[in-house]
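Have a look at the structure below before the remarks.
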Ligand SMILES: Cc1ncc(C[n+]2csc(CCOP(=O)(O)OP(=O)(O)O)c2C)c(N)n1
Ligand SMILES: Cc1ncc(C[n+]2csc(CCOP(=O)(O)OP(=O)(O)O)c2C)c(N)n1
Ligand code: SF4
Ligand code: SF4
Ligand SMILES: [Mg+2]
Ligand SMILES: [Mg+2]
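Chains as they are written, first to last, in our numbering: chain S, 6 to 351; chain A, 6 to 351; chain P, 2 to 625; chain Z, 2 to 625.
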């Protein structure tokens, strides 16, 4: 419902029939490369939206520029494909103007971490009630394959033919450093995982940041194969669950032990070989733990998937003192005009 | 020495006489408000430069815009007072063009954390060999007192007359999240502490980030008094030393115990009352610990001063493969021009 | 020093206006003096225009020339439209203030100084090698040298106030009110409003309030009892003959703040002002932030790009998105403005211009952002650009901008500047009930809805906003098919959309009032054309020349894009057309490109200072 | 379908030029075909101009119209300066390619298609309801419909290659080379360069190389052995009569890459190219990144603002700071350019324009950033703006920009566009030894050194850089005192500095060559004025009109700011002056403002496509 303009003449939404993914599918042909990971993400997003149950007209997708940023066109909600890097700021304005809307922001690693890093950081700091989805293909897809701030050191690309010398930013760490209160990670093709993460992100009132490892078949193919493949995935990733021991592996035979003295994680055997008490328990409210989990990567450590950190806090949207539906009116204006030091000439 | 232009005609620098703070003092009248904390920082910087011993002509100060950003004018080195928020990017260019220079960047909390957040983050990620000094007065001084991203929630200011609803960014946390390898904190008037921190920052080859709590007498007077006052300082701050237990208090009778299960710190008595083994030892290479220390604040916890985190890594400057003194010449150009597929008409 | 009576130099009674300038250290409360004097002038029915002249530093070391703060006001009848070229009464509270402000005092003008401040240290700090009170440098003016500090201290600490807790330091701080008291005496003005204000200001410390009032009274009494030549003619200053109504003192910033608020009230759209602090635009943010809780939302963004894009987001979601800034911040918004233009969303963008380029001189006036406002976007994104011609006109201009933005679905740029922003004038409160609604049409039929279908008259697309059922759509910066709004790379479509965007400006031209000569003759020898804050000085000069019988006119542009109808005709009726602006000729180029047959001349100044009447006068006389 | 012999439609032998267009799916290797054909044309001594026409999507679903990639080339004699208005030979590898490209084929032109691709699925994907091969829609052209896929497969898998590991999929990928082989046959061109290239490209898999060469040969043989009407006249295409020298194929991007590198070599300054990827400017970054290790430094910044400011930092530290981008990125650099202008640092800023506003149409051409380049900064920061008139001219332009930037201590903007960036032409390698040094004066006397002391002729300040003893100084964006460079709020100083910044442009005007008519008559009926990438099409049209005896001239501006000397005189010698540009009249306005007496007419197009000769011709004829 549009809180600003109660007298909208458009027909009332039907709020009884349950929604399906199709209700969130626009009439636009999807134009990503065949095999692009964004297709799978789109599918999970549509399914999540249907499940979450907000009417399409109350949902807004805002995006910057990039392959991932094409998302709005493919969803039958309101959408705004803006300019490179600024989507979190646009979305902040959208949410400010109508806090009732369900606002999602989609952008690639370039959009969110390179040119848009500052807006990402400030949205997180303010805890604006937005769901930020970042398909991370560790490359600039749309501009044809340059390395991105998320690319591994050494990546050869048109702009780094000799291999990039830059250290990649860890998106989850960056979000934590900025004061994020919901940080999660999943991957495009993990359809048994991604929708759950998206739902959790949606449920958080405040800025939810979700990194979605995404395959770019053209410019960085297979970058996350080890993480996503059925065969290796179980060994190369760990699915975090709040309050549960950090156990992983196809057989559930490995655990993560955090050595606090050095602030590092290591893999320990679980069951037969290792002692169970060595396995650290995931506490999604423990920020120090989150910084360790967020940084785990192969080959020695599994990549952490799921909710890395979640410590809900009052959202910017809720904290703003004013009633968001209130508008200055003529009476208020008259009062305001005569509130100063006035004098009258007759 | 200017590596680019070996045939400089200017007289050779005298490298034998030891330098003094006066050698780094320009002829410009210092124009901050009387009592501004920046005076003390300037003093410490000049003293540090003299001690560090690079010749004034090899030192460059780059700044953005703000009260703090006036620094370059007051130093007899090369200086560039640029535009708001972009100083880390300008400095990256300076260092790229002449890695031999000793490059410092000074900016306020608005300059570095608000408009300049993205450049700060990327300089840190790349680990460009720069010394970043951030006088943090938790306010926009130059523009007359609006709250800044570092201001406490609830701060009343011209732009937040009802009290700001935004959560402040923790500068050290932000730096850590961005991948910083040197993060330290001190305060303007702590002349027994600040110069040491500045020297350590200078010694790190890579981006060193130093937050300097600074009093703005006009717009945020006393914001850090508790931390800096002789009387309360010892109780309200802890001076970190690598490898030493986290002990503080005028009598050295308090310690910090980190509860790893929750990722939080608490104060424990030291000596008579408390058991010494309860006190955590500072390890400046432990990033998880750093994230706990960086976030400590009053009234319950002391503010951490000193080097919070230091894990040296190869600097961007060193990693760039090319010889920085090398310049394309005519021979190279000829080679390049005929390197493609050519044909000859005679 | 002159010893003829001061008042004899003033213009004749009844038509007279006088210019007073207060100057002192930034710590001396000069701006407070200025605003108190302004208030009292207003309450005694005078017309006025003020010009606060701040130092660039926040608080430079006391006593230095770069720490001097000044405030100038011209008071008199309705004709007062400028803060005055030269000063009749200069109050200089310290040597540095004298040094930097003396040049503004006309020969024979009255100089009031505090001799207690003219000690060795004070003179040195100001960079005086000899004492100007003694070295003959004040021979041209009439000096009233008074031991203000001593007299203030005596007054302030008397009557048991010292005992009540008033310290010497407190007393010294009241020195400015002593001076104000004497100035009130000169102008025979009522000082009760100031006394009341002091009571409120020091509400919690009545003894301090009393000390200040005592100083004020003492200054006034000094005029009565000393043998100071009574400046009788000052007292005979013309009173204004304003239209009946309720008035208040309005700065350009106030005008913008109230105008935006009015736009919100008249449109029923909640105002979202998104901004990043920058001098001199910050004051708009401050003004609107005070109205949070009354239906106004402000957002201090992390930078100007976020401010602009958040405002765009607010508009997209159905609010009245507004963003404001000054020069450097405006440069940063260029890309965002292109998006708003492409998406055809309403948006108001206020640029309070300051002297550039780059950081330039942040507190000084210039009209040099016009080029950027007109053309500073990549690709072709023509936008309406309006300029506020003074404090009161700022109110009207932003209101007009809101009307055009919503009616035509377009961003509108409003130019103000550092002069108008801070200048104050009397302003008659508008009759809120008589103001027309800003109608927003949300009655959109979902049947066959397309976001880029247009109204045939205005060429505006319909403004459907999130939350409205059946109208969900996607906007974006990639070229859109005319009508459906779907992404389109079709060559003909791009030409069509480019032409449509340009044609919208023509429709806006039709909507706006035609150009008209606002002062002086409709035809004749010289027409002076201006825009923005120069209005007062152009109008005053033209009125004076008209009074001398010269056929001179003044045309002031409110809209720089589109240029209004009727310009060519207006220009054609004069022998010479002079384009006056505080830049090197930006409007001039624009007019030359549009009207190649008119032999325009430029009258330009880029010093960070406003024009004076004398400058305009001299330039126009060249063509008489 | 027509059955008259194809060649008869071509222009007469000796003067002839022909236009070939390859089109197919983005996955079909069309751009490779184009560059191979270009190379062979160059090696056989033809003049040419190419026009790659990419789809906007990275890799759209195969077979769709929005996934079609095309490459057009005109080959012939020296006169070839455009890629040609209409196509003589169109190769369409699938139905979608036919659908989108058929309009470019002239009546009677030859259409080569792969019938194997015209199956139900292919036709559907392309959105054909009936088969164009059967429904009469190709009646106007001569169709050569060949089972290219089948023939390619046969050739590629023969001779034991299937056994050597060549799969059917590999074979299908060679289809484009079959087509190329046939086109080579038509033009009687040597295919050995392509065969060699294939050998290198598939060096590790010689069997694949062999399969592709076999396809190439098979296509060629097809021409020989079938009863295909021999297009004899194509074979008689004019060869170019180029100046003796060594040549290579140069795109506009190559020109910029090599020009910047040359500027570095000639100045002894290390090149620092700082950029953020954006289409179509990214290719400059890619080109220069390959030269890392040879004295060129590139920096992929986090955004365009960082790119610009890092380049400024590099210049401050004594390097040759360069930043490059396209439209939206250029908008973001505005504030940084103001800083460089204020600090008077050398800097080169390349803007490869694309269709706007906002994201616009990123792969399409437009010349609509001129306004922004000239005026898109706050305050007054006039800068030189040069435009590259073609691939080869791009080299000269950036070199000139480097000369001016360092000699006059100023940022210089260089405009290229999406057309010139990707177009290729034969380019005679310059004689490196004969190129003049770019002299950098670092012989600065520390005695009395002031950073803003100027050379009287150039008005340039001295360029002292960090590391130089005795010259330490501070730069900044706050207004600087003329001379000392210290912060100054002095009104007269600001006027002086404003005037100095403007006067520098006058000195640059003196330094630059005067305007001259470059094609056609020096006086007469119509002068067409252009800038940037339109040069080829303007020149060609004027040459054709001259050949018909019309008194028409062509003047092409290399510098848009300052405008060169001698313009007014040149304009004055024609009855009509037409200003042709791919925008709505930006240069036109500029010229009108400067030369009010000249009755300019605009010839404008904003479709994302370059002008055609026919369009220019028609427009100029209106005035004949
Ligand atoms: C201001 C601006 N700068 C640069 C670009 C060019 N650009 C478009 S998308 C993009 C990055 C794409 O990478 P990412 O955000 O990771 O998205 P992906 O395509 O990989 O999904 C860039 C650099 C632009 N459109 N606007
Ligand atoms: C692009 C731009 N935006 C805004 C400003 C105005 N501005 C100047 S300094 C500043 C912030 C000052 O705060 P901080 O960086 O904390 O420095 P401080 O003055 O407190 O030392 C702002 C907003 C500017 N100069 N340029
Ligand atoms: S380029 Fe990569 S990210 Fe972009 S659509 Fe193609 S596969 Fe997806
Ligand atoms: S305003 Fe604050 S920070 Fe700025 S100079 Fe004054 S005291 Fe220092
Ligand atoms: Mg990406
Ligand atoms: Mg600050």
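Glycine residues also receive a C-beta, built at the ideal position from the N, C-alpha and C atoms.
Between residue i and the rest of its own chain, which residues show a CB-CB distance below 8 Å, the 5 nearest in sequence each way excluded?
i: residue 169(P); result: 154 and 158
i: residue 519(P); result: 540, 555, 556 and 557
i: residue 16(A); result: Because residue 16(A) sits at a pLDDT of 49, beneath the cut-off of 50, its placement in the model cannot be relied upon, and the following sentence gives the value as read from the coordinates. So no residue of the chain qualifies.
i: residue 287(S); result: 245, 246, 247, 248, 249, 250, 251, 294 and 298
Can you tell which of the options has the C-alpha that lies nearest to the C-alpha of residue i?
i: residue 24(A); options: 58(A), 333(A) and 31(A); result: 58(A)
i: residue 257(S); options: 244(S), 195(S) and 264(S); result: 244(S)
i: residue 251(P); options: 146(P), 336(P) and 49(P); result: 49(P)
i: residue 156(A); options: 34(A), 72(A), 80(A) and 224(A); result: 224(A)
i: residue 109(P); options: 135(P), 129(P) and 139(P); result: 139(P)
i: residue 260(Z); options: 218(Z), 398(Z), 132(Z) and 325(Z); result: 398(Z)
i: residue 480(Z); options: 473(Z), 502(Z) and 548(Z); result: 502(Z)
i: residue 118(Z); options: 131(Z), 141(Z), 106(Z) and 147(Z); result: 147(Z)
i: residue 212(S); options: 76(S), 29(S), 65(S) and 93(S); result: 93(S)
Residues in its own chain within less than 6 Å of residue i by CB, not counting five upstream and five downstream?
i: residue 435(Z); result: none
i: residue 396(Z); result: 256, 259 and 260
Please work out which residues of its chain come closer than 7 Å, Cβ to Cβ, to residue i, disregarding the five sequence neighbours upstream and downstream, and give them in chain order.
i: residue 333(A); result: none
What separation, rounded to the nearest whole angstrom, lies between the Cα atoms of residue i and residue j?
i: residue 458(Z); j: residue 507(Z); result: 11 Å
i: residue 266(P); j: residue 136(S); result: 32 Å
i: residue 10(S); j: residue 109(S); result: Only weak support exists for where residue 10(S) lies, its pLDDT of 41 falling under 50; the value from the coordinates is given anyway. Taking the straight line joining both Cα atoms gives about 22 Å.
i: residue 104(Z); j: residue 569(P); result: 45 Å
i: residue 95(A); j: residue 122(A); result: 14 Å
So within the region 398-475 of chain Z, which uninterrupted alpha helix (DSSP H) runs reach at least 4 residues, ignoring any that extend past its ends?
Fully contained in the region 398-475 of chain Z are the following alpha helix (DSSP H) runs of length 4 or more, in chain order: 419-423.
Quick one: complete alpha helix (DSSP H) runs, 4+ long, within the region 176-225 of chain P?
If we require 4 residues or more, the alpha helix (DSSP H) runs fully inside the region 176-225 of chain P come out as 176-187 and 193-202.
Unbroken stretches of the beta strand (DSSP E), 3 residues or longer, contained in the region 527-590 of chain Z
Secondary structure in the region 527-590 of chain Z: the beta strand (DSSP E) runs of 3 residues or longer, each lying completely within the stretch, are 553-558, 560-562 and 575-582 in chain order.
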